[in-house]
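FYI, the numbering for the sequence shown is 574 to 815, going by this note's numbering.
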Amino acid sequence: MGKPLVAVFSGAGMSTDSGIPDYRGPQGLWRQDPDAEKLVTYSYYMADPEIRRRSWLMRAGIGALGAQPNAAHLAVAELERGGTPVRVITQNVDGLHQLAGMPDRKVFELHGSARSVVCTACHARSGMDEALARVAAGEPDPACLVCGGILKSATVMFGQRLDPEVLGQAMAVAKGCQVFIAVGSTLQVQPAASLAGMAAEAGARLIIVNAEETPYDPLADEIVREPIGIALPALLARFAAP
């Protein structure tokens, strides 16, 4: 019998040890500044140049491009390198799973990537570092260099649909895995959170690693409340190939 397919579903709590603040946790961005949600809401962003200026400043301030993978990211990549089948489904947009060594084709970014920007008019893509350099040089709301359209991060903002292809691939993983580990997610944002229930319904062992309760706790076979950077490496060690 082969090794079980392990799906790791990661939320914002996975990256807090890398210095990237979460959104809904006790110290999350939304609790500190509820108005900040407008900065990542598509309708507000497209309609209001001031929102766009604040959004670019927020991205520069978070410093996600300089963040490094933490022990949890490294443990996931190490499990995959050791021969255990691993797929990552992530709500995060920081690219830290890939930086830790996970092959890009095995990481499904439900909410896109903050490491690049896209033009909302012509859909041309370029690097986030290039856009932030323009902001630092005095362009508060940099326009597309190809067509002059409005630029935004290549992430799924509130009010935008998930990429149906990426969501479909994630659903296939959830239905086909034997172990589904939800890490650092409140499991409140749909349809992403429903993948946990989908995996449990398909017979997977559902493990939730999160400091606070989630709506899917009643379905879980195991719940871990310890800090993710310590708990996840220990947990994944149990599934490592001999």
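By construction, the Cβ of each residue, glycine as well, lies at the ideal position given by its N, Cα and C atoms.
- By the Cβ neighbour-count rule, residue 641 is exposed, with fewer than 16 other Cβ atoms within 10 Å of its own.
- With distances taken between CA atoms, residue 782 lies nearest to 799 out of 799, 767, 698 and 743.
- At a cut-off of 3 residues, the continuous stretches assigned as beta strand (DSSP E) that sit fully inside the segment 752 to 783 are 752 to 756 and 778 to 782.
- Linking residue 582 to residue 759 through their CA atoms gives a straight-line distance of about 11 Å.
- The beta carbon of residue 802 sits closer than 7 Å to the beta carbons of 590, 643, 644 and 645 from its chain, once the five residues preceding and following it are set aside; these are given in chain order.
- Check the Cα spacing between residue 725 and each of 761, 763, 699 and 750: the tightest is with 699.
- Boundaries of the alpha helix (DSSP H) around residue 704: 701 to 709.
- Within the model, the alpha-carbon separation for residue 586 versus residue 696 is close to 30 Å.
- Within the same chain, 752 and 794 come within 6 Å of residue 778 by CB-CB distance, once the 5 residues on both sides are set aside.
- Here the segment 718 to 738 makes no contact with the segment 648 to 656; the two share fewer than three CB pairs at distances below 8 Å.
- The beta-carbon distance between residue 745 and residue 580, rounded to whole angstroms, is 10 Å. This is too long to meet the 8 Å contact definition.
- Residue state for residue 719 is assigned as coil, using DSSP reduced to three classes.
- Close CB contacts of residue 622 within its chain, under the 8 Å cut and outside five residues either way in sequence, are with 714 (chain order).
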